[in-house]
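All you need for our numbering is the position in the sequence shown, starting with 1, plus 299.
Since the structure comes first, as structure tokens, the remarks are kept for the end.
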Amino acid sequence: MIKTESLRKSFSGKTVLDGIDVEISDGEIFGVMGLSGSGKSTFIKCLVRLVNPDGGRIIVDGRDILKVEGGVEMARFRRKFGYLFQEGALFDSLNVLENVCFGLRYLTDISPGEYARVAREKLELVGLKGVENMRISELSGGMKKRVALARAIAAEPKYMLYDEPTTGLDPSLTKKICRLIKEMQDRLGITSIIVTHKVEVAFSLSDRIAILMNGKFKVLGTPEEIRNSTSPIVKEFTDRSECF
Ligand SMILES: Nc1ncnc2c1ncn2[C@@H]1O[C@H](COP(=O)(O)OP(=O)(O)OP(=O)(O)O)[C@@H](O)[C@H]1O
Ligand SMILES: [Mg+2]
């Protein structure tokens, strides 16, 4: 379980997260929506301490991770998480297969002889076959996204954090990725937090959705509850969000 209490973060005096309180259960798919610049990426970066919060608590499986100091415990804790970065964050100097294998080396106990097989399997899951030896610079944006996704899921972590997993993908690939995220929940019991601008993605996948606005989760509920909500915040969000 992931739980945050009064989570706060400012950058140069500008408050981005202003007290986030949330509990995300094991096995849940939790969607985070919000306008550009509202702090969605900052929120999930805080969860793995890629960004250090200014205050509050983040409890993961009973441990306050803001109190973790040693590198060894931090590394063990990070192993629980797979992270799909908004920007992909692939290594240009490595080919596709090497990029996917990279996570296996650092995040699992899989024997090196198995890396290539597991990596190929994950690439196939995201609809990429026969591109193992290509360089990252030779790939389209959507292909890069899927390589990053294959790398993020390769270690089959307990928690997956997806930052805009379907941006740049066409509708059929978007559906494929959504199915994959759902399948990882069903088959492996993976808990996912999905940051997305795409309303259809959030609504079709999430068990619950939060809308981040002015540093807080202003609205939180099931897709059904949010759809039926008469909250002015939902209305304000939907009025301003071109893709709702
Ligand atoms: N490392 C940083 N240093 C300074 N400011 C930052 C940093 N990271 C984020 N910010 C600021 O924090 C705010 C929230 O950024 P964040 O990337 O979390 O937004 P977002 O909701 O993910 O936006 P988008 O939908 O465009 O990805 C922005 O104003 C951004 O400029
Ligand atoms: Mg972002």
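We put the CB at the ideal spot given by N, CA and C, even for glycine.
Range of the contiguous beta strand (DSSP E) that encloses residue i
i       : result
Asp-462 : 458 to 462
Ser-309 : 301 to 310
Lys-339 : Element bounds for Lys-339: not the beta strand (DSSP E) but the alpha helix (DSSP H), 339 to 346.
Asp-317 : 313 to 323
Thr-490 : 490 to 494
Lys-515 : 515 to 520
Arg-507 : 507 to 512
Arg-356 : 354 to 359
Val-331 : 328 to 332
Residue i Cβ short of 6 Å to ligand 1 heavy atom set
i       : result
Phe-329 : no
Val-321 : no
Val-315 : yes
Gly-309 : Reading the sequence as shown, one finds Ser at residue 309 and not Gly. The answer is no for Ser-309.
Ser-305 : no
Ser-436 : no
Gly-514 : no
Gly-387 : no
Leu-337 : Checking the sequence shown, residue 337 turns out to be Ser, not Leu. It does: the Cβ of Ser-337 is within 6 Å (strictly closer) of some heavy atom of ligand 1.
The alpha helix (DSSP H) enclosing residue i, as first and last residue numbers
i       : result
Ile-476 : 470 to 487
Phe-401 : 395 to 406
Lys-444 : 440 to 453
Val-430 : No alpha helix (DSSP H) holds Val-430; DSSP gives it neither H nor E.
Val-500 : 498 to 504
In chain order, what are the residues with a CB under 7 Å from some non-hydrogen atom of ligand 2? Lys-339, Ser-340, Gln-385, Asp-462, Glu-463, Val-494
Give a yes or no on contact between the stretch 496 to 507 and the stretch 320 to 332, applying the rule of three or more CB pairs nearer than 8 Å. yes
At least three beta-carbon pairs within less than 8 Å, the stretch 458 to 472 to the stretch 403 to 415: Counting Cβ pairs under 8 Å, fewer than three are found: no touch.
Run through the stretch 368 to 395 for me and flag every whole alpha helix (DSSP H) of 4 or more residues, listed as ranges in chain order. Secondary structure in the stretch 368 to 395: the alpha helix (DSSP H) runs of 4 residues or longer, each lying completely within the stretch, are 370 to 377 in chain order.
Counting beta carbon pairs with one atom in the stretch 351 to 360 and one in the stretch 426 to 437, are three or more of them shorter than 8 Å? At 8 Å Cβ cutoff, the stretches do not touch.
Do the stretch 309 to 319 and the stretch 511 to 523 meet, that is, are 3 or more Cβ pairs less than 8 Å apart? yes
At least three beta-carbon pairs within less than 8 Å, the stretch 466 to 479 to the stretch 442 to 454: They touch, by the three-pair rule.
contact_flag[the stretch 335 to 354, the stretch 434 to 442] where n(CB pairs < 8 Å) is 3 or more: no
Three or more C-beta pairs below 8 Å linking the stretch 300 to 315 and the stretch 348 to 358: yes
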